Structure formats: structure tokens, C-alpha cells
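Novice:
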Amino acid sequence: MRPRNKWEPWLFSAPALIVYVCIVLVPVVWSIVYSVFDWNGISAMKFVGLQNYSRMFGDEVFVTSFFNNLFFMAVGTIYQVFTGLIMAIILTNITKGNNILRVIYFIPCIISSMAICKIFEKLLSVEPQGVLAAIMEGMGMEPIALLSEPKWALLVVTLVDGYKFCGLYMVIFYSAFMAISNDVVEAAYIDGCTWGQQYRYIKLPMIKNIFFVVLVIVINGTLKSFDVSYILTNGGPGSASELVATYTYKTAFSSTQFGYGSALSVFLLVESLVAVGIIRIFQQRAAKRD
Amino acid sequence: MQRLTTSKWLRTLFYIILIVVLVFQTYPMFWVLMSSFKTKQDMAYIAPYAFPSSFYLGNYVTALFESDLIRYFLNSVVVAVGTLVGIVILSAPAAYAISKIRFKQSEKLLSFFLLGMMIPIFACLVPMFQIYNAVGLRNTYLSLILPQIGFSLPMAIYLYTGFMKFVPNSLLEAATIDGANSFQMFSKIMFPMAKNSTITIIIYNFVNIWNEFTYANTFMTKGIMKTLPVGLNDFVGEMGRRDWGGTFAAIVLAILPTLIIYFFLNKNVMEGMAAGAVKD
């Protein structure tokens, strides 16, 4: 449509534009400005240049949280994508009960991470006894408080986060499989293709793009993950399950180091942009090969 | 339809996996529900995985009347409604301008909005806190409504433009001939037509807003302004040590509204959340 006058498109988009700029973009720029100052919110701001950034590399907790986050991302991605894919494949292959099962599997996705964390906190509790501790005791083992055990805390946080989100990838993969035309499957059937070959050579390659979409969502989500670690273990014990986002949050709001906290949040921003960029490069390469 | 059938043992394996996953995905919820009916004696003397001895509702009475749970619930409702209304009335007209009014910068404007999907909320939290503190927005509903509107706009605009650009121009041209002005064209034709996009946007955002934790934990420090997730945290922190029954009842009450909505709209919710996630 041709605009009546040159103001027309802006009249419609200005409210959204103003809100978006004021709420999202101004604070981002503001964060970048804060990140070159030393400031605790009360005393005068002191310009320190890039010192906040160089400080990160010597900050043991930050380095730990960064590597924890890599583990969280790797294990979480494998767990969520793998479970989602397997469940989608199975559900597209059964006729009875597939709708109701899909609806039930998806339930953890719609429940707040707060509720999920509180439930797992109680399930895994040792004193008072939760289900896991009771089972371990019943089997004659010494109950382990997984959440206060440095060895286990990060893995539990990763798995609880995966538990909450794997249903989402199941639904995404499921609709991708359902979108594949029946003609293709029938042609394969006539050509004597077996069930396994059908996935290996036809269906999985056909949903390759969805894989990249899912990877972007999972990796982006796990790099910025906050809720489960913060609520379930508060990054602990020590910094055993600390992630970059939880450490950033605590630095800014618990130890009120707004300058250093802002530098960490800028790191988080750059890190997720780089990660998504890398996936996009792989995606373009894969597209070129076809 | 001809389908590649699976062998019998493979099918059996499938059903075994399905049942294992079913148990895994539902047991935590089932356990909380079951435990919420346990009396103090049950808690102390029977195994944590055992069934309650009776259908005891006392824990629900405790959770509802000895805490601010109802208040938290109302806070969550106000925030959710405010945010959803804001998202829809801001994003729909913007998407209309981008997809249906021809102007030079429309593509650039869309990319500019989409940039927002890449920004983690943590990159904004410190300045937001400073700004909201300075203008007295902390501990008001607006401090949760505004940031959530801002961060949801990119996705909503993207979904709306995705639909609107396929609405044939001839339809709007016919309306022009009938004398409709552009505001009427948007409100009487385009917006009603985009009903399904609106539903998707509302459902996807509702689940996120209802479960939102970070802003609520940062901006709402006053007890009675807390939303359900943060309120639940306080409740469990306070009651968790001495009253597990009440805690379980509170968790059940907190997840019940979403489950009820999901019970009726499960297909829309699944599709909406998948569409919201797959925005590329």
C-alpha cells in the first residue's frame, strides 16, 4: 500500500519503536558505558578504561563459571536435542496415544522453573528425607545430598534444566517430521527402503535446517541460563555450579560492583552473539554442500 | 497412506521407552500432588514415596490462608494482563506499517526490531535497576510490565509481519475505495484477520510472563508486590523447614492455573511455544 503521507508508517510504528529503544537499547548502551567505570552505586564513578575486562581473566570464580557454563551448554544441548529427537521419532511412529503422550511430555515446559526447582529440591533432599534419599537408604547406601556435593551439583542443575526444556524440542522436531510429504515416504517404500534407512537417508537430512534452528535456541538458551542454577543451588556449593549469568547477577546485585558486573554482562552479550554467528557459518556451509 | 512399518520388537521397545519417559516427566508433579495431602504424621512416619494415609486438605488451608499466596497470584495476573495488552497494542500496528505500508525504511526497521532478540536481559539489568530506582518504579507493576513488553516486541512484530505480508493488497485497496482511512483499515480489517497470530503471541508470552523470575526477583523487593514464582520462593524458604505439607500445597496451587489453561488449550500452547522459539 502506498502511504497517504510520509508520516503514516511512522505513526503506526512509533509507539513500539519508542518503547523498544527506551527499554531495550538504551540500557544496553548504558551497560557498555558502565563497564569502563568502577562504581558501587553510591560513591562517585571512577573511569578505569578496560580494567574491568582484563580483571575477568584473573578472576577465578569467573573462569570457573565460564567452564561450568561450557559443560552446562555441551551436556544440556546433547541431552535436550537427543531426547527431543528420539521422542519425536518414536511419537511419529506410533498411532495409539500419540497426542495425549505429547501433551503430557510437554508439561514441564509450561511450569515455572521456580516450581520445578522447588520440587527437585524436595525430591533430592536428605534431611528431611526426600524420595532419592529414601531409595538409597532402602538399597543400603549412604544417602548423598546431591545438591550440596560439589561433584554432582552442576550435573544435577544441567539435567533439571534439560528436564524442563526437552519437551519443546520434541514438539519442534515432531512438527518438522509431520511436515515431510507422504509422497517422499511412499516413494521410499516402493524403492524398498527399510525403516532405519528412511531416517538415515531421507527424513533426517530433510529436517537439517530445523537442526540448526534448534541448536541456535539451545545454545543461546544454555549460555544465558540463570533460573535453575540460581534457584536450585545458588551457584554453589562454593562456585561448583556457578554459571556466567548467575555470577554476573550476583556481582552486580549482591556485591554491588555495578561496573564489573556490567563488564560481565557485556561479555555475556558478545559470547552469545559469537556462538550464534558460529552456528550460522556452519549452517551456510551445510547449505552450500547440497 | 502407505507407511514404513516397524518390526514388532522395535514397536515394543518404543512403548517401553514411552512409558519410562512418561513416568519420568510426570513423577515429580505426581509426587508433589500426593505429598500435598499428607498430614504431619504421614510426613514423619511414612516413606516419602508412599501414598498419603488420607485425603487431607489441611495443607491447602495453611497455604491459602496463612500466607500471601492469593496476593501473589493477583500480582501475577495484573502483570500478565498488563504486559500482554501492551505487547499486542504496540506490536500489531508496527507490524502493519512494516508489512503493508510502502516506505523506504521498512526492511531496516524490521531488522532493527529483530536485533532485540539477540540481547540477553542481563545486558540491561543494571541500568534498568538504576533507572527504575531513580524514577520510583521499583515495587510497582510497571517495573515488571515495561521490560517484558520491550523484550517481547521483537518476537511479536516478527510473528505479526510474517502473517500480514501475505494478506493480499487488493483487500486493503478495496477498503480504500470504500473510503476507509488507514486506522480503520488496520483496526477493522488487518487486526481481526491476524487473530491467530494474536493468539499465538498471547499464549507464548503468557507462559513466559507467568513464570518470569529474574525481573521479579530484582525489582520487587516489597513482600506484597511479589509475583507467584518469587512469592513461592519466599514461602518455601519460610515454611520449607517446618512445614513440608504446606510447601507442597503451595507448589501445587502455584502450578495449577497454568495446568488448567494447558488442559483446555494444549494444542495452541504447544504450537505457540514452538512458534515463539522457532522465530528464524
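Just so you know, the sequences run in chain order A and B. For the first sequence, counting from 1, position 258 maps to 296 in my numbering; every step adds exactly one. For the second sequence, counting from 1, position 271 maps to 1387 in my numbering; every step adds exactly one. Quick reminder that beta carbons are idealized off the backbone N, C-alpha and C, glycines included. Please read all numbers here as calculations on a predicted model, not as lab measurements.
Report the rounded CA-to-CA distance for LEU1241 (chain B) versus VAL1323 (chain B), giving the unit in angstroms.
Specialist: Residue mapping note: residue 1241 (chain B) aligns to position 125 of the second sequence, counting from 1. Residue mapping note: residue 1323 (chain B) aligns to position 207 of the second sequence, counting from 1. Going by the C-alpha atoms only, they are around 21 angstroms apart.
Novice: Report, in whole angstroms, the separation of the C-beta atoms of LEU192 (chain A) and SER279 (chain A), which I expect to be a contact under 8 angstroms.
Specialist: Walking along the first sequence from the start, residue 192 (chain A) turns up at place 154. Walking along the first sequence from the start, residue 279 (chain A) turns up at place 241. Correct: roughly 4 angstroms between the Cβ atoms.
Novice: Are the C-beta of SER69 (chain A) and some C-beta of chain B separated by less than 8 angstroms?
Specialist: Numbered from 1 along the first sequence, position 31 holds the residue referred to as residue 69 (chain A). Yes, SER69 (chain A) lies at the interface with chain B (some Cβ there is under 8 angstroms from its Cβ).
Novice: Does ASP1359 (chain B) pass the burial test, meaning 16 or more other C-beta atoms within 10 Å, or should it be called exposed?
Specialist: Here residue 1359 (chain B) is taken as the residue at index 243 of the second sequence, counted from 1. Classification for ASP1359 (chain B): buried.
Novice: Check each candidate in A:LEU88, A:GLY122, A:PHE203 and A:THR271 and name the one with the smallest Cα separation from VAL71 (chain A).
Specialist: In the first sequence, counting from the first residue as 1, residue 71 (chain A) sits at position 33. Out of A:LEU88, A:GLY122, A:PHE203 and A:THR271, A:LEU88 has the C-alpha closest to the C-alpha of VAL71 (chain A).
Novice: Tell me which residues share the same chain as MET1117 (chain B) and place their Cβ nearer than 7 angstroms to its Cβ, disregarding the 5 neighbours each side in the sequence.
Specialist: Numbered from 1 along the second sequence, position 1 holds the residue referred to as residue 1117 (chain B). Its pLDDT being 42, under 50, MET1117 (chain B) is placed unreliably in this model, and the coordinates cannot settle the point.
Novice: Quick one: what's ASP1184 (chain B) bridged to in DSSP?
Specialist: Along the second sequence, read from residue 1 onward, the residue named residue 1184 (chain B) stands at position 68. Bridge partners of ASP1184 (chain B): none, in fact.
Novice: Going by the CB atoms, is the gap between SER1222 (chain B) and ILE1273 (chain B) shorter than 8 angstroms?
Specialist: In the second sequence, the residue the question calls residue 1273 (chain B) occupies position 157. In the second sequence, the residue the question calls residue 1222 (chain B) occupies position 106. It is not a contact, given that the beta carbons lie outside the stated cut-off.
Novice: Using beta carbons (cut-off 8 angstroms, strictly below), is GLY1232 (chain B) in contact with chain A?
Specialist: As a working note, residue 1232 (chain B) is residue 116 in the second sequence. Closer than 8 angstroms to some Cβ of chain A, the Cβ of GLY1232 (chain B) qualifies, so yes.
Novice: Pick helix, strand or coil for PHE250 (chain A), following the three-state DSSP scheme.
Specialist: In the first sequence, the residue the question calls residue 250 (chain A) occupies position 212. Three-state DSSP puts PHE250 (chain A) in a helix.
Novice: Name the chain B residues whose beta carbon is nearer than 9 angstroms to that of VAL314 (chain A)?
Specialist: Residue 314 (chain A) sits at position 276 when you count from the first residue of the first sequence. MET1234, listed in chain order.
Novice: Looking at the unbroken alpha helix (DSSP H) that takes in SER310 (chain A), where does it start and where does it end?
Specialist: Walking along the first sequence from the start, residue 310 (chain A) turns up at place 272. Element bounds for SER310 (chain A): 296-327.
Novice: Only counting the same chain, and skipping five residues up and downstream in sequence, which positions put a Cβ closer than 8 angstroms to that of LEU1287 (chain B)?
Specialist: Counted from its first residue, the second sequence places residue 1287 (chain B) at position 171. Taken in chain order, the residues that qualify are ILE1305.
Novice: Run down chain B in chain order and give the residues with a C-beta less than 7 angstroms from the C-beta of PHE296 (chain A).
Specialist: The sequence position of residue 296 (chain A) within the first sequence is 258, counting from 1. Result: VAL1242.
Novice: Express the C-alpha separation of LYS1383 (chain B) and GLY302 (chain A) in angstroms, rounding to a whole number.
Specialist: As a working note, residue 302 (chain A) is residue 264 in the first sequence. As a working note, residue 1383 (chain B) is residue 267 in the second sequence. According to the sequence as given, residue 302 (chain A) is Leu; it is not Gly. About 40 angstroms.
Novice: Closer than 8 angstroms by C-beta to ILE149 (chain A): which residues in its own chain qualify, once you throw out the five before and the five after it? Chain order, please.
Specialist: Locating residue 149 (chain A) in the first sequence gives position 111, counting from the first residue. Correct list, in chain order: LYS202.
Novice: Cutting at 8 angstroms between CB atoms, please list the residues of its own chain near ILE1319 (chain B), excluding the five before and the five after it.
Specialist: For the purposes of this step, residue 1319 (chain B) is identified with residue 203 of the second sequence, where counting begins at 1. Result list for ILE1319 (chain B): LEU1381, ASN1384, VAL1385, GLY1388 and MET1389, in chain order.
Novice: Between the beta-carbon of PHE1329 (chain B) and the beta-carbon of SER151 (chain A), is there less than 8 angstroms?
Specialist: On the second sequence, position 213 is the one that residue 1329 (chain B) refers to. On the first sequence, position 113 is the one that residue 151 (chain A) refers to. Yes.
Novice: Would you kindly check if the distance between the Cβ of ILE157 (chain A) and the Cβ of ILE210 (chain A) is under 8 angstroms?
Specialist: By one-based count along the first sequence, residue 210 (chain A) stands at place 172. By one-based count along the first sequence, residue 157 (chain A) stands at place 119. Going by C-beta atoms, ILE210 (chain A) is not nearer than 8 angstroms to ILE157 (chain A).
Novice: Roughly how many angstroms separate the alpha carbons of LYS262 (chain A) and ASN106 (chain A), rounded to a whole number?
Specialist: For the purposes of this step, residue 262 (chain A) is taken as the residue at position 224 of the first sequence. For the purposes of this step, residue 106 (chain A) is taken as the residue at position 68 of the first sequence. Their Cα atoms are separated by approximately 12 angstroms.
Novice: Report back the beta-carbon spacing between SER310 (chain A) and ASN258 (chain A) to the nearest angstrom; my notes put them in contact at under 8 angstroms.
Specialist: Along the first sequence, one-based indexing puts residue 310 (chain A) at 272. Along the first sequence, one-based indexing puts residue 258 (chain A) at 220. Right, their Cβ atoms sit about 6 angstroms apart.
Novice: By the three-class DSSP mapping on this structure, what secondary structure does LYS189 (chain A) have?
Specialist: Taking the first sequence and counting its residues from 1, one reaches residue 189 (chain A) at position 151. Correct three-state label for LYS189 (chain A): helix.
Novice: Could you check whether the Cβ of TRP1360 (chain B) sits closer than 8 angstroms to any Cβ belonging to chain A?
Specialist: The sequence position of residue 1360 (chain B) within the second sequence is 244, counting from 1. True, the Cβ-Cβ gap to chain A drops below 8 angstroms.
Novice: Does the Cβ of LEU1129 (chain B) lie closer than 7 angstroms to at least one heavy atom of the ligand COA?
Specialist: Looking at this structure, you won't find the ligand COA or any other ligand, since it has none at all.
Novice: Am I right that TYR1188 (chain B) and THR1343 (chain B) are in contact with their C-beta atoms under 8 angstroms? What's the rounded C-beta distance?
Specialist: Within the second sequence, residue 1188 (chain B) is the residue found at index 72, counting from 1. Within the second sequence, residue 1343 (chain B) is the residue found at index 227, counting from 1. TYR1188 (chain B) to THR1343 (chain B), Cβ: 6 angstroms. Contact.
Novice: With DSSP as the reference, please indicate the residues paired to ASP76 (chain A) in a beta bridge.
Specialist: Taking the first residue of the first sequence as 1, we reach residue 76 (chain A) at position 38. Per DSSP, A:LYS84.
Novice: What is the rounded straight-line gap between the Cα of PHE305 (chain A) and the Cα of VAL1368 (chain B)?
Specialist: Taking the first sequence and counting its residues from 1, the one referred to as residue 305 (chain A) is at position 267. Taking the second sequence and counting its residues from 1, the one referred to as residue 1368 (chain B) is at position 252. Taking the straight line from one Cα to the other gives about 38 angstroms.
Novice: Given this structure, state the Cα-to-Cα distance separating ASP1396 (chain B) from PHE1279 (chain B), to the nearest angstrom.
Specialist: For the purposes of this step, residue 1396 (chain B) is identified with residue 280 of the second sequence, where counting begins at 1. For the purposes of this step, residue 1279 (chain B) is identified with residue 163 of the second sequence, where counting begins at 1. Model confidence at ASP1396 (chain B) stands at a pLDDT of 47, short of 50, so the residue's coordinates are unreliable and nothing is read from them.
Novice: Should TYR1161 (chain B) go down as buried or exposed, given a rule of 16 or more other Cβ atoms within 10 Å for buried?
Specialist: The sequence position of residue 1161 (chain B) within the second sequence is 45, counting from 1. TYR1161 (chain B) comes out exposed.
Novice: Is the CB-CB distance between THR1316 (chain B) and ALA1391 (chain B) below 8 angstroms?
Specialist: In the second sequence, residue 1316 (chain B) corresponds to position 200, counting from 1. In the second sequence, residue 1391 (chain B) corresponds to position 275, counting from 1. Going by C-beta atoms, THR1316 (chain B) is nearer than 8 angstroms to ALA1391 (chain B).
Novice: Do ASN1249 (chain B) and LYS1338 (chain B) have their C-beta atoms closer together than 8 angstroms?
Specialist: As a working mapping, residue 1249 (chain B) is identified with position 133 in the second sequence. As a working mapping, residue 1338 (chain B) is identified with position 222 in the second sequence. No, these two residues do not count as a Cβ contact at 8 angstroms.
Novice: Please report whether the beta-carbon of ASN1191 (chain B) lies at a distance below 8 angstroms from any beta-carbon of chain A.
Specialist: Sequence index remark: in the second sequence, residue 1191 (chain B) carries index 75 (1-based). Chain A, which has no Cβ nearer than 8 angstroms to the Cβ of ASN1191 (chain B), makes this no.
Novice: Between which two residues does the alpha helix (DSSP H) holding PHE144 (chain A) run?
Specialist: Numbered from its first residue, the first sequence carries residue 144 (chain A) at position 106. Run containing PHE144 (chain A): none; DSSP gives neither H nor E here.
Novice: Any beta carbon of chain A sitting closer than 8 angstroms to that of ARG1187 (chain B)?
Specialist: Taking the first residue of the second sequence as position 1, residue 1187 (chain B) is located at position 71. Taking Cβ atoms only, chain A never reaches closer than 8 angstroms to ARG1187 (chain B), which makes this a no.
Novice: Going by beta carbon distance, what residues of the same chain come within less than 6 angstroms of THR196 (chain A), once the five residues before and after it are set aside?
Specialist: As a working mapping, residue 196 (chain A) is identified with position 158 in the first sequence. Closer than 6 angstroms at Cβ, skipping near neighbours: PHE110, VAL113 and GLY114.
Novice: Shorter than 8 angstroms from the beta carbon of SER151 (chain A) to some beta carbon of chain B?
Specialist: Indexing the first sequence from 1 puts residue 151 (chain A) at position 113. Answer yes: the Cβ-Cβ gap between SER151 (chain A) and chain B drops below 8 angstroms somewhere.
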